[in-house]
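Undergrad:
If you want it as structure tokens, here you go:
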């Protein structure tokens with residue numbers, strides 16, 4: 001019952017509810033205006049307040065006597081390095097890097113791209129930018145130079161902070177060469193590239209714009225955190241869009257800090273001083289909210305993990321980290337649990353470790369299948385909580401709020417709406433549907449603090465993408481339904497964005513690359529079910545009548561082109577040659593039909609299909625190449 005009372009107050013009295021939560025922070029200037037509209041008639045939180053994320057994550061705790069507490073535990077099985085970083089040490093690194101950025105001319109309102117592996121310097125860079133009001137944009141290291149160049153041209157950074165290289169299982173990722181290639185491709189040229197040398201014996205190509213990270217920090221003064229307006233952008237984070245062009249989500253400062261402090265306590269159930277681990281990457285929203293800012297705001301020790309759930313060295317890695325570092329709550333993607341389960345189905349490796357410290361296991365990033373949830377519950381013997389949110393929201397939208405009181409866990413559901421999110425399932429006409437009827441997942445406005453405040457440089461796309469389809473509501477882009485108890489079940493995207501191991505990727509962008517091959521006449525790329533990664537992209541191509549290459553050569557070239565342009569993160573490994581694609585009489589390719597046939601789901605043949613005989617042709621191609629979830 002307490003959840004219902006708590007939740008209803010956030011919906012019925014949002015201004016009062018979030019004002020109370022905002023007072024859990026230390027403001028440089030306490031806000032008097034709690035909820036207001038911006039010039040685009042969109043809701044903003046705490047507009048007249050001033051604070052600083054870096055101060056709240058570091059200085060506040062030192063001032064209160066916790067400088068010797070571990071702020072970050074860096075655990076890197078790929079390099080066999082472990083490092084405990086206290087709040088005092090974090091202050092030293094962050095404040096001096098902030099001084100270095102300032103000495104290079106970066107100031108409040110400038111942008112800076114961070115393109116780094118999972119090392120402490122990535123977090124230092126984020127917090128240093130926040131310290132002086134520089135808007136950072138972290139780009140996931142798995143993206144290729146082409147993708148990085150797109151982001152450089154969109155946010156026009158004054159500087160890029162990178163590392164010499166990343167390290168994966170028996171593989172070196174050349175970060176600095178990728179940055180150089182991206183700058184060559186980009187129209188916008190940053191003034192500086194700050195390079196952290198990991199001293200792993202990798203040769204770093206030198207350019208005139210290079211600045212050595214370590215030398216810069218050593219030579220720079222320690223800088224105090226500056227007062228930042230609540231509505232000032234803290235960062236830009238790019239997410240895949242249906243057009244293939246990434247969308248730069250803007251996150252504010254005051255609303256974000258309020259939401260993260262709230263989430264750590266009421267959603268994840270961790271108290272100040274405890275250890276929290278989000279096994280993600282700083283290039284994704286989870287890394288921003290629950291590796292960098294959320295845990296540090298709440299004075300938790302945050303685990304920064306550079307490795308994989310398996311093969312670093314084996315499927316026991318997660319359990320070793322939890323046990324060794326006394327993790328109370330852990331958050332990962334279902335893909336990671338599926339990978340561990342595949343390697344160690346009976347959980348023998350798990351039994352080698354004392355996991356009595358672990359109270360909750362959270363899963364998100366993609367839809368969690370019931371078998372994975374049940375396996376984790378059985379092996380860990382703790383509540384396993386599937387929850388749902390987006391890059392746009394910045395923090396959970398639907399979850400079992402364990403800090404309010406653990407509710408019933410229903411496998412297949414992300415549970416109940418989180419405080420502040422008035423989740424409604426609407427039909428095509430914008431009317432709320434009855435329970436158990438599938439529709440569009442929306443949130444009635446205003447959104448709570450911490451959610452997206454706009455798209456970088458593109459407010460029209462923001463309005464058209466999220467607000468115009470259902471006036472008065474935020475449209476999530478997902479489909480789903482509620483049961484009779486109000487539990488929400490997310491059924492998947494209703495657009496062409498697919499979810500590969502928790503990473504949102506645009507099939508439109510992949511199609512563009514595939515169609516550019518000289519032998520391809522037309523193509524379709526769509527997501528199909530994958531036992532391990534949830535979804536994977538599949539490409540179908542119709543070839544031109546005259547081509548000098550054989551099918552295998554064409555398929556390999558297409559796969560390599562996608563890998564080169566987007567990166568290995570796309571997991572694009574399958575291209576099938578077909579004689580034709582199913583279309584409507586108006587020429588629209590029936591991608592949903594292609595996906596349903598591949599996934600061996602029931603499907604209706606649209607009455608508008610141009611030629612129904614093509615379906616049997618597609619089935620034969622799928623069967624020949626063992627495409628299908630039961631193969």
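In UniProt numbering, the protein residues as written are 1 to 631. Every residue, glycine too, gets a C-beta built ideally from N, C-alpha and C. Computed from a predicted structure; not experimentally measured.
1. Give a yes or no on whether the C-beta atoms belonging to residue 46 and residue 66 are separated by under 8 Å.
2. Take every Cβ of the segment 239-256, pair it with every Cβ of the segment 452-468, and state whether three or more of those distances are shorter than 8 Å.
3. Which residues share a DSSP beta bridge with residue 45?
4. For a minimum of 4 consecutive residues, which ranges assigned as the alpha helix (DSSP H) are wholly contained in the segment 166-238?
5. Bridge partners of residue 329, per DSSP?
6. Going along the chain, which residues of its own chain have a beta-carbon closer than 7 Å to the beta-carbon of residue 598, five neighbours each way excluded?
7. Beta-carbon separation of residue 513 and residue 432 under 8 Å?
8. Looking at residue 164: is its Cβ nearer than 8 Å to the Cβ of residue 197?
9. For the beta strand (DSSP E) containing residue 454, list its first residue and its last residue.
10. Among the candidates 596, 441, 152, 304, whose CA atom is the shortest distance from the CA of residue 237?
11. Give the DSSP bridge partners of residue 533, in chain order.
12. Could you give the distance in angstroms between the alpha-carbon of residue 157 and the alpha-carbon of residue 54?
13. Hey, which unbroken runs of the alpha helix (DSSP H) at 4 residues or more fall wholly within the segment 485-572?
14. Does the distance from the CB of residue 489 to the CB of residue 591 come in under 8 Å?
15. Whole angstroms are fine: how far does the CA of residue 213 sit from the CA of residue 173?
16. Would the beta-carbon of residue 569 fall within 8 Å of that of residue 142?
17. Taking the C-alpha atoms as reference points, what is the distance between residue 630 and residue 126?
18. Leaving out the 5 sequence neighbours to the left and right, which residues in its chain are closer than 7 Å to residue 393 when beta-carbon positions are compared?
19. Do you know how far the Cα of residue 178 is from the Cα of residue 166?
20. To the nearest angstrom, how far is the alpha carbon of residue 16 from that of residue 7?
21. Would DSSP call residue 629 helix, strand or coil?
22. When DSSP labels each residue in this structure, what does residue 17 get in the three-state scheme?
23. Candidates 137, 544, 280: which alpha carbon is nearest residue 304's?
24. So, is residue 118 buried or exposed, given that buried needs 16 or more other C-beta atoms within 10 angstroms?
25. Going residue by residue through the segment 452-482, where are the continuous beta strand (DSSP E) segments of at least 3 residues, counting only ones entirely within it?
26. According to the neighbour-count rule (16 or more other Cβ atoms, all chains shown, within 10 Å of its Cβ), is residue 370 buried or exposed?
27. Secondary structure at residue 40, three-state DSSP: helix, strand or coil?
28. For residue 27, which three-state DSSP category applies?
29. What is the C-beta distance between residue 256 and residue 222, in whole angstroms, given that I count them as a contact (C-beta under 8 Å)?
30. If we ignore side chains and look at the alpha-carbon of each, how far apart do residue 464 and residue 414 end up?
31. Going by the beta-carbon positions, is the gap between residue 225 and residue 59 smaller than 8 Å?
32. Label residue 78 either buried or exposed according to how many other C-beta atoms from any shown protein chain fall within 10 Å of its C-beta, with 16 as the threshold for buried.
33. List the whole-angstrom C-beta distance separating residue 428 from residue 480, where the pair is believed to meet the contact cut-off of C-beta under 8 Å.
34. Could you check which residue in 411, 189, 362 has the C-alpha nearest to that of residue 277?
35. Terminal residues of the continuous beta strand (DSSP E) containing residue 624?
36. Exposed or buried, what is residue 271 when buried is set at 16 or more other beta-carbons lying within 10 Å of its beta-carbon?
TA: Looking at the coordinates:
1. Here residue 46 refers to the residue found at position 46 when the chain shown is read from its first residue. Here residue 66 refers to the residue found at position 66 when the chain shown is read from its first residue. No.
2. yes
3. One-based indexing of the chain shown puts residue 45 at position 45. According to DSSP, which records beta bridges pairwise, residue 45 is partnered with 35.
4. 175-185, 213-219
5. Here residue 329 refers to the residue found at position 329 when the chain shown is read from its first residue. Looking at the DSSP assignment, residue 329 forms a beta bridge with 276, 360.
6. Position 598 of the chain shown, counted from the start, is the residue given in the question as residue 598. If we look at residue 598 and ignore the five residues flanking it on each side, its Cβ neighbours are 528, 538, 622, 627, 628.
7. Against the chain shown, residue 513 aligns to sequence position 513. Against the chain shown, residue 432 aligns to sequence position 432. Cβ atoms of residue 513 and residue 432: not closer than 8 Å.
8. Position 164 of the chain shown, counted from the start, is the residue given in the question as residue 164. Position 197 of the chain shown, counted from the start, is the residue given in the question as residue 197. Yes, they are a contact pair.
9. As a first step, residue 454 must be located in the chain shown, where it is residue number 454. Residues 452-455.
10. Residue mapping note: residue 237 aligns to position 237 of the chain shown, counting from 1. Of the candidates 596, 441, 152, 304, the one whose C-alpha sits nearest the C-alpha of residue 237 is 152.
11. Mapped onto the chain shown, residue 533 falls at position 533. Per DSSP, none; premise fails for residue 533.
12. Start at 1 with the first residue of the chain shown, and residue 157 comes out as number 157. Start at 1 with the first residue of the chain shown, and residue 54 comes out as number 54. Rounded to the nearest angstrom, the two C-alpha atoms are 20 Å apart.
13. 507-515, 551-565
14. Position 489 of the chain shown, counting from 1, holds the residue named residue 489. Position 591 of the chain shown, counting from 1, holds the residue named residue 591. It is not a contact, given that the beta carbons lie outside the stated cut-off.
15. Start at 1 with the first residue of the chain shown, and residue 173 comes out as number 173. Start at 1 with the first residue of the chain shown, and residue 213 comes out as number 213. One C-alpha to the other measures close to 19 Å.
16. Here residue 569 refers to the residue found at position 569 when the chain shown is read from its first residue. Here residue 142 refers to the residue found at position 142 when the chain shown is read from its first residue. Contact flag set, yes.
17. Start at 1 with the first residue of the chain shown, and residue 630 comes out as number 630. Start at 1 with the first residue of the chain shown, and residue 126 comes out as number 126. Any reading at residue 630 must be qualified, since the residue scores a pLDDT of 41, below 50, and its modelled position is unreliable; the value itself is stated next. Cα-Cα distance, rounded: 44 Å.
18. Within the chain shown, the letter at position 393 stands for residue 393. Contacts found: 451.
19. What you label residue 166 is simply residue 166 of the chain shown in a count that begins at 1. What you label residue 178 is simply residue 178 of the chain shown in a count that begins at 1. Approximately 11 Å between the Cα atoms of the pair.
20. Your numbering for residue 16 matches position 16 in the chain shown. Your numbering for residue 7 matches position 7 in the chain shown. When rounded, the distance between both Cα atoms is 13 Å.
21. The residue you call residue 629 lines up with position 629 of the chain shown. Low confidence applies to residue 629: its pLDDT is 44, below 50, so where it sits in the model is not reliable, and the reading given next is rough at best. It is coil, neither helix nor strand.
22. Sequence index remark: in the chain shown, residue 17 carries index 17 (1-based). Reduced to three states, the DSSP call for residue 17 is helix.
23. For the purposes of this step, residue 304 is taken as the residue at position 304 of the chain shown. When only C-alpha atoms are compared, the closest one is 280.
24. Numbered from 1 along the chain shown, position 118 holds the residue referred to as residue 118. Answer is buried; the Cβ neighbour count reaches 16.
25. 452-455, 473-482
26. Mapped onto the chain shown, residue 370 falls at position 370. Exposed, since its Cβ has fewer than 16 Cβ neighbours within 10 Å.
27. To locate residue 40, count along the chain shown from 1; it is residue 40. Coil, per DSSP.
28. Translated into the one-based positions of the chain shown, residue 27 becomes position 27. Residue 27 falls in the coil class under three-state DSSP.
29. Numbered from 1 along the chain shown, position 256 holds the residue referred to as residue 256. Numbered from 1 along the chain shown, position 222 holds the residue referred to as residue 222. Wrong, their Cβ atoms sit about 25 Å apart, outside the cutoff.
30. Along the chain shown, one-based indexing puts residue 464 at 464. Along the chain shown, one-based indexing puts residue 414 at 414. Roughly 27 Å between the two C-alpha positions.
31. Within the chain shown, residue 225 is the residue found at index 225, counting from 1. Within the chain shown, residue 59 is the residue found at index 59, counting from 1. Going by C-beta atoms, residue 225 is nearer than 8 Å to residue 59.
32. To locate residue 78, count along the chain shown from 1; it is residue 78. Counting Cβ neighbours within 10 Å, residue 78 comes out buried, since at least 16 surround it.
33. The residue given as residue 428 occupies position 428 in the chain shown. The residue given as residue 480 occupies position 480 in the chain shown. Not confirmed; about 15 Å, so no contact.
34. Mapped onto the chain shown, residue 277 falls at position 277. Ranking 411, 189, 362 by Cα distance to residue 277 puts 362 first.
35. The residue given as residue 624 occupies position 624 in the chain shown. From DSSP, residue 624 is part of no beta strand (DSSP E) but of the alpha helix (DSSP H) over 614-624.
36. Taking the chain shown and counting its residues from 1, one reaches residue 271 at position 271. With fewer than 16 Cβ atoms within 10 Å of its Cβ, residue 271 is classed as exposed.
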